[in-house]
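A quick write-up on the structure given underneath.
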Amino acid sequence: MRITSIQLGMKDRPKNETVEHALSLVDQASESDLILLPEIWPCGFFSFDRYRNDSESLDGPTVTAFKQKARVHKAHILMGSLVENQGRHLYNTSVFINPQGEIAACYRKIHLFGYLSDETRILTPGQEVVVVDTPWGVCGFSTCYDLRFPELFRRMVDQGAKFFLVASAWPYVRLEAWKLFNRARAHENLAFLISCNAAGSNGGKQYAGNSMVVDPQGQIVAQGGEQEELVSAEIDPGLVDSVRQDFSALDDRVLK
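Residue numbers (the working numbering): 102 to 357.
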């Protein structure tokens with residue numbers, strides 16, 4: 102199974118230019134089975150003043166364009182997250198599209214980030230843990246700040262998750278925490294964790310990049326740098342079952 106995270110370099114530029122650039126990078130990743138993008142990449146996470154104007158519904162032009170790309174390339178695409186407009190409420194919503202060009206799952210970020218951030222003021226938190234079955238196993242979804250809350254990942258494991266897909270706009274100033282949480286969430290749950298983080302900067306904040314593929318033993322299979330790039334890896338989905346059978350720590354849980 103081939104995975105590619107599109108570690109998009111954020112810039113203060115019009116949304117339509119960013120969308121076109123992201124679509125061109127999806128074309129470059131066309132040999133992948135799974136393609137991921139970062140968090141709120143159409144306008145940039147820290148461009149809070151753009152959230153309302155750049156928001157759209159899930160049948161809007163951005164999601165529609167990515168549905169078409171998924172069909173053309175016969176790939177699953179986690180198109181990262183966008184600001185979803187539901188009238189009175191805005192959400193930080195990750196959209197997972199299957200190779201038929203259909204929305205297979207949507208995850209609204211549960212843990213909104215309030216530290217030197219307007220996300221909690223502008224957006225409404227999600228309420229549901231989301232997992233979905235795929236040809237390679239059950240995938241669960243999280244977004245950026247969610248990584249700090251291990252109980253979310255255990256809830257996904259309880260619902261069958263073997264893969265965690267993480268869209269993020271993690272800042273460079275907390276890079277070491279990013280690296281730690283990626284490996285910890287994978288290893289403590291004996292699952293693959295595949296993260297796609299933003300690179301570049303916007304709103305006066307620099308992103309950390311360093312998108313990762315981490316295996317169930319907490320080993321880094323692939324890792325990006327700090328600039329825009331495609332971070333790709335070949336993985337064996339069967340590794341999750343073999344690791345869990347060999348070291349059955351999840352069966353020894355007492356507190357649930």
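Heads up, the beta-carbon is just placed ideally off N, CA and C, and yes, glycines get one too.
Please read these numbers as outputs of a predicted model, since none were measured by experiment.
Residues bridged to residue i (per DSSP)
{"i": "arginine 209", "result": "Thr194"}
{"i": "glycine 241", "result": "Val232, Phe265"}
{"i": "asparagine 303", "result": "Lys306"}
{"i": "alanine 176", "result": "Answer is none; alanine 176 lacks a bridge partner."}
{"i": "proline 272", "result": "Tyr308"}
{"i": "phenylalanine 293", "result": "Phe264"}
{"i": "alanine 49", "result": "Look at the range of the chain in this structure, 102 to 357, and you will see that residue 49 is not part of it."}
Alpha-carbon spacing of residue i relative to residue j, whole angstroms
{"i": "aspartate 259", "j": "isoleucine 211", "result": "18 angstroms"}
{"i": "glycine 261", "j": "valine 355", "result": "18 angstroms"}
{"i": "valine 120", "j": "leucine 109", "result": "11 angstroms"}
{"i": "serine 148", "j": "alanine 287", "result": "30 angstroms"}
{"i": "valine 184", "j": "serine 156", "result": "5 angstroms"}
{"i": "phenylalanine 146", "j": "serine 106", "result": "18 angstroms"}
{"i": "valine 233", "j": "phenylalanine 282", "result": "22 angstroms"}
{"i": "alanine 334", "j": "glycine 304", "result": "31 angstroms"}
{"i": "alanine 350", "j": "isoleucine 178", "result": "31 angstroms"}
{"i": "serine 158", "j": "glutamine 187", "result": "7 angstroms"}
{"i": "glutamate 289", "j": "tryptophan 237", "result": "20 angstroms"}
{"i": "lysine 358", "j": "threonine 244", "result": "Residue 358 cannot be examined here, being either before or after the span of the chain that is shown, 102 to 357."}
Cβ of residue i within 8 angstroms of any chain B Cβ
{"i": "leucine 217", "result": "No chain B is part of this structure, which consists of one protein chain only."}
Helix, strand or coil at residue i [DSSP, three-state]
{"i": "alanine 130", "result": "coil"}
{"i": "lysine 112", "result": "coil"}
{"i": "aspartate 342", "result": "helix"}
{"i": "aspartate 247", "result": "helix"}
{"i": "glutamine 260", "result": "coil"}
{"i": "threonine 105", "result": "strand"}
{"i": "valine 164", "result": "helix"}
{"i": "tyrosine 308", "result": "strand"}
{"i": "glutamate 140", "result": "coil"}
{"i": "serine 125", "result": "helix"}
{"i": "leucine 135", "result": "strand"}
{"i": "valine 314", "result": "strand"}
{"i": "valine 120", "result": "helix"}
Sub-8 angstroms separation of residue i and residue j beta-carbons
{"i": "isoleucine 104", "j": "aspartate 134", "result": "yes"}
{"i": "proline 251", "j": "leucine 291", "result": "no"}
{"i": "alanine 309", "j": "tyrosine 273", "result": "yes"}
{"i": "valine 239", "j": "lysine 263", "result": "yes"}
{"i": "leucine 224", "j": "leucine 191", "result": "yes"}
{"i": "glycine 215", "j": "alanine 171", "result": "no"}
{"i": "threonine 163", "j": "proline 143", "result": "yes"}
{"i": "methionine 111", "j": "alanine 300", "result": "yes"}
{"i": "serine 296", "j": "valine 267", "result": "yes"}
{"i": "tyrosine 208", "j": "threonine 221", "result": "no"}
{"i": "glycine 325", "j": "valine 315", "result": "no"}
{"i": "glycine 241", "j": "arginine 284", "result": "no"}
{"i": "proline 200", "j": "lysine 168", "result": "no"}
{"i": "proline 226", "j": "leucine 213", "result": "yes"}
{"i": "isoleucine 321", "j": "phenylalanine 293", "result": "no"}
Boundaries of the alpha helix (DSSP H) in which residue i is found, first to last residue
{"i": "leucine 276", "result": "276–290"}
{"i": "glutamate 327", "result": "Glutamate 327 -> no alpha helix (DSSP H), and no H or E assigned at all."}
{"i": "glutamate 203", "result": "Element bounds for glutamate 203: n/a, residue is neither H nor E."}
{"i": "arginine 189", "result": "It is not in any alpha helix (DSSP H) - arginine 189 carries neither H nor E in the DSSP assignment."}
{"i": "arginine 153", "result": "152–155"}
Residue i: first and last residue of the uninterrupted beta strand (DSSP E) it sits in
{"i": "glutamate 220", "result": "Run containing glutamate 220: none in the beta strand (DSSP E); it sits in the alpha helix (DSSP H), 220–223."}
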